[in-house]
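What follows is one structure encoded as structure tokens, with my remarks underneath.
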Amino acid sequence: MKKKTTTNPLWGGRFTGSASKSVQNYTSSVDVDKRLYKEDIAGSLAYALGLKEAKVISAKDYSKISKGLKSILKEIESGKFQWDKSLEDVHMNIESALIKKAGNSAKKLHTGRSRNDQISTDLRLHLDTVIKNILNLINQAQLSIVEKAKVHAEDIMPGFTHMQIAQPVTLGHHLLSWFEMLERDFSRFSETKERMSVMPLGSAALAGSRFRVDREKLAKRLDFNSTSNNSMDAVSDRDFVIEFTANSSILGIHLSRICEELVIWSSSQFNYVQLSDEFCTGSSIMPQKKNPDVAELIRGGSSKTIASLMGLLSLMKNQPLSYNRDMQEDKEFIFSASDYCTSSLELFSRMVSEMTANTERMKDDCNMGQITATDLADYLVERDVPFRKAHEVVGKIVKHAESKNLQIFELPINELQKFTKVISNDVKSYLDPSRGYKS
Ligand code: ARG
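Shown next as structure tokens:
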């Protein structure tokens with residue numbers, strides 16, 4: 177037997193039948209979008225003031241609405257508010273509660289507004305706050321990196337390409353490459369923040385509204401940079417959430433690559449760094465184990481940001497204009513990406529601050545891999561040997577050293593001179609890994 181429930185009081189006028197419980201559950205998003213309550217209330221407060229100023233509602237209506245909304249905000253924040261799944265989403269839960277408090281005045285709040293422009297406003301306001309937080313956290317992470325880099329400005333280590341020892345670098349230099357990755361993330365998020373600061377209110381369902389609320393004033397009040405130009409685009413645009421998750425994905429892969437290095441560096445084979453115990457866990461069977469779980473989870477968790485981006489792209493790719501209910505599905509993707517970014521950045525900063533580098537081990541590893549071969553080639557070039565020729569000569573020297581199981585800096589000068597007369601005693605400093613680093 178089909179279970180009937182009452183029709184939604186906020187849109188039920190034209191319905192005789194009502195949605196079954198299963199349909200209500202299926203269409204309800206409040207469990208997810210209630211996270212937007214603060215922005216929803218801020219948007220409503222500003223919009224109500226706009227309605228009052230446009231003389232669409234009276235001062236008395238406005239005062240009842242604003243009092244009601246403020247008390248709802250308190251109820252939500254103290255955990256007393258009763259969220260009702262059958263009221264679909266955050267917007268209707270709050271509006272129904274407001275009607276209970278402010279009666280007919282509250283029923284005027286939605287004049288010239290739709291949940292379509294409302295949700296787009298809420299999301300933009302929400303992401304603005306989230307991005308501010310992410311920008312701060314990126315700065316914090318960069319600060320931890322710079323501080324470590326300062327300590328290790330002179331400590332040499334092997335630099336790698338293809339995961340093979342390539343040339344000596346300093347640990348400071350390596351760490352500052354992480355800084356640069358995050359610097360680009362910072363600029364991407366900042367740009368998105370600016371670009372999405374466009375206020376959709378006034379677009380209503382899709383066609384705009386006949387009520388002349390001063391949109392410029394409203395935008396200023398809500399701290400938007402501008403107002404949307406086209407109402408149909410305004411209610412159906414989700415570029416900004418796609419951009420947000422694209423930025424999150426790039427940040428995610430940066431954190432993941434860095435954490436991959438930390439996992440490798442903290443292994444017994446490498447033993448380049450020691451992560452603080454706080455960021456590691458043991459094994460339930462192998463007593464000796466200290467696993468770099470936080471680094472692994474930052475690496476693994478970044479896949480959620482990529483999944484969010486893919487999810488949103490496929491969600492949006494074939495929606496005709498203007499609003500479609502499909503868009504309701506965007507929230508989980510957004511929250512999943514933002515939660516990853518904020519929680520990972522926070523732990524990442526602390527993990528970097530608290531790690532210790534085993535600089536002796538790193539230095540020792542510069543005594544292998546023929547790490548100064550390029551410096552020897554440069555030495556020859558500085559003495560007028562064409563680079564390609566120098567490359568070939570050094571290649572032969574390397575082959576010779578390896579046949580004797582030696583590094584090129586261990587070969588006596590007279591042996592090096594057999595390959596080219598250009599070499600003299602001053603080559604020593606070029607072959608010394610600790611002298612050869614670039615920064
Ligand atoms: N919960 C909806 C969303 O997140 C709000 C807009 C619903 N609009 C509508 N006409 N059903 O997109």
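First residue of the sequence shown? That's 177 in the numbering used here, and the numbers climb one at a time after it.
In this text, a Cβ means the ideal position worked out from N, Cα and C, and glycines have one as well.
Who does residue i pair with in a DSSP beta bridge?
i, result
"Gly335", "Gln343"
"Ser402", "Val374"
Note down, in chain order, each residue of its chain lying with its Cβ closer than 7 Å to the Cβ of residue i, except the 5 sequence neighbours on either side.
i, result
"Met177", "Here Met177 scores only 45 on pLDDT, less than 50, and its place in the model should not be relied on; the value that follows carries that caveat. Answer for Met177: no residue qualifies."
"Lys179", "Unreliable placement is indicated for Lys179, whose pLDDT of 45 sits below 50; the coordinate value is still reported in the next sentence. Cβ within range, chain order: Ser196 and Lys197."
"Tyr620", "There is simply no residue 620 to check, as the chain begins at 177 and stops at 615 in what is shown."
"Lys256", "none"
"Asn201", "Lys261"
"Val266", "Val206, Asp209, Lys210, Leu212, Tyr213 and Asp216"
"Arg644", "What is shown of the chain runs 177 to 615, which leaves residue 644 out entirely."
"Phe595", "Val569, Lys572 and Ile573"
Between which two residues does the alpha helix (DSSP H) holding residue i run?
i, result
"Ala273", "Val266 to Lys283"
"Phe563", "Phe563 to Ser579"
"Glu215", "Tyr213 to Glu229"
"Lys243", "Ala235 to Glu253"
"Asp293", "Arg291 to Val327"
"Ile589", "Ile589 to Gln593"
"Arg397", "Arg391 to Arg397"
"Ser407", "Ser407 to Ser412"
"Lys604", "Lys604 to Leu607"
"Asp260", "Run containing Asp260: none; DSSP gives neither H nor E here."
"Val632", "No information on residue 632 is available, as it lies outside the stretch 177 to 615 that the chain covers here."
In chain order, what residues of the same chain lie with their CB nearer than 6 Å to the CB of residue i, ignoring the 5 residues before and after it?
i, result
"Phe455", "Val470 and Met527"
"Gln504", "Ser205"
"Pro376", "Asp293, Ser296, Thr297, Ser404 and Ala410"
"Ser615", "With a pLDDT of 45 at Ser615, under the threshold of 50, the predicted position of this residue should be treated as unreliable, though the coordinate-derived value follows. Taken in chain order, the residues that qualify are Thr346 and His349."
"His302", "Leu212 and Glu215"
"Asn401", "Ser373"
"Ser272", "Leu263"
"Ile307", "Phe365 and Lys369"
"Ala342", "Gly335 and Phe336"
"Lys277", "Gly244"
"Arg475", "Ser432, Cys435 and Glu436"
"Lys565", "none"
"Leu186", "Met268"
"Met538", "Met333 and Tyr448"
"Ala513", "Thr421, Ser424, Thr481 and Ser484"
"Asp237", "Ser281 and Lys284"
What does a CB cutoff of less than 8 Å around residue i pick up in its chain, not counting 5 residues either side in sequence?
i, result
"Asn534", "Asn447, Tyr448, Val449 and Gln450"
"Ile321", "Leu351, Leu352, Trp354, Phe355, Leu358 and Val528"
"Phe511", "Val208 and Arg211"
"Ser444", "none"
"Val574", "Gln546, Ala549 and Ile584"
"Ile599", "Tyr555, Leu556, Ile589, Leu592 and Gln593"
"Ala383", "Ser407 and Met408"
"Val439", "Pro468, Ala471, Glu472 and Arg475"
"Leu523", "Phe455, Val470 and Ile474"
"Arg190", "none"
What residue ranges within the stretch 440-517 form continuous alpha helix (DSSP H) runs of no fewer than 4 residues, ordered along the chain?
-> 469-492, all fully within the stretch 440-517.
Are there three or more Cβ pairs, one per stretch, closer than 8 Å when the stretch 349-357 is compared with the stretch 275-284?
-> Pairwise C-beta distances place the stretch 349-357 out of contact with the stretch 275-284, as fewer than three of them are shorter than 8 Å.
State whether the stretch 509-529 contacts the stretch 568-585, with contact taken as three or more CB pairs (one from each stretch) at a distance under 8 Å.
-> By the criterion of at least three beta-carbon pairs nearer than 8 Å, the stretch 509-529 is not in contact with the stretch 568-585.
Determine contact between the stretch 405-424 and the stretch 318-336, defined as no fewer than three beta-carbon pairs at a distance below 8 Å.
-> They do not touch, by the three-pair rule.
Output the residue ranges of the alpha helix (DSSP H) runs that lie fully inside the stretch 518-561 and measure 4 residues or longer, sorted by chain position.
-> Entirely contained in the stretch 518-561, the alpha helix (DSSP H) runs reaching 4 residues are, in chain order, 535-540 and 549-558.
Examine the Cβ distances between the stretch 478-487 and the stretch 418-427 and report whether three or more of them are shorter than 8 Å.
-> Flag = yes, the stretch 478-487 and the stretch 418-427 touch.
Give a yes or no on contact between the stretch 371-389 and the stretch 444-462, applying the rule of three or more CB pairs nearer than 8 Å.
-> In this structure the stretch 371-389 does not touch the stretch 444-462; the number of beta carbon pairs closer than 8 Å is below three.
Determine contact between the stretch 300-320 and the stretch 361-380, defined as no fewer than three beta-carbon pairs at a distance below 8 Å.
-> Touching, per the Cβ criterion.
Are the stretch 539-547 and the stretch 238-256 touching by the rule of at least three beta carbon pairs closer than 8 Å?
-> Of all C-beta pairs linking the stretch 539-547 to the stretch 238-256, fewer than three are shorter than 8 Å, placing the two stretches out of contact.
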